[in-house]
Amino acid sequence: MEGQVAIQKKSSGKSAHLMCGSKLWTVVAFLSCAYFTKVALSRLSLGTVAWSHDNVDIATHLVWVVFLIGLLSETRCWKEWIFFSLVLINFGMASVMGIWSSAPLTTVNKTRELSAALWGLAALVSFLLIFTRRKRPQPKEAQQA
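Mapping the sequence shown onto our numbering, position 29 (from 1) lands on 52, and the numbers just tick up by one.
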């Protein structure tokens, strides 16, 4: 093969996956989502279902929405995509409910219930990811064979 130069990239051995490749981030995600599930369920049990309409809270939720959209664009694993999507939906819903100050009480209650369910589901997904084996990068020669 004249004229062709093969360039080999050194593999660092690290996965391109944030959660599937790192137990630390997966455990942090689980603990965070478990905490938010507990908070959401306690709000429901106490009947304090009103969403915050404070501008700082709304802005914080919107920043998280933008951040999670960025994470989703970089996600290469369907398990991570599911987790980040659940969290994105939750923060998106919090943003909408924060802006919508005249929402009917039934809508407020239902979104709080949905939020608790989504946090619980995200905690479950992240818990399962703790036990997921990370994929090892394949050498170029093995991929071409």
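Every residue gets a Cβ at the ideal spot worked out from N, C-alpha and C, and that includes glycine.
Query	Result
Whole-angstrom distance between Trp142 and Asn113, CA atom to CA atom	7 Å
Nearest residue (CA-CA) to Val79, options Thr134, Ser118, Leu144, Leu152	Ser118
Phe106 vs Leu152 beta-carbon contact at 9 Å	yes
Secondary structure of Val72, DSSP reduced to three states	coil
Where Leu47 falls, given that 16 or more other Cβ within 10 Å makes a residue buried	exposed
Which listed residue (Ala73, Met116, Trp101) has its alpha carbon closest to that of Thr83	Met116
Distance between Val131 and Ala73 (C-alpha atoms, nearest Å)	7 Å
Three-state secondary structure assigned by DSSP to Cys100	coil
Contact belief for Ser138 with Ala63 at Cβ below 8 Å, rounded distance in angstroms	5 Å
Cβ-Cβ distance between Ala146 and Ala57 below 9 Å	yes
Close-in-space but distant-in-sequence residues of the same chain around Val50 (CB under 7 Å, 5 per side omitted)	Ile153
Neighbourhood of Thr129 by C-beta distance below 7 Å, restricted to the same chain and skipping five residues each side	none
Thr130 in three-state terms, based on DSSP	helix
Collapsed DSSP secondary structure at Phe154 in the structure displayed	coil
Buried versus exposed call for Gly93 [16 or more other C-beta atoms within 10 Å across all chains shown]	exposed
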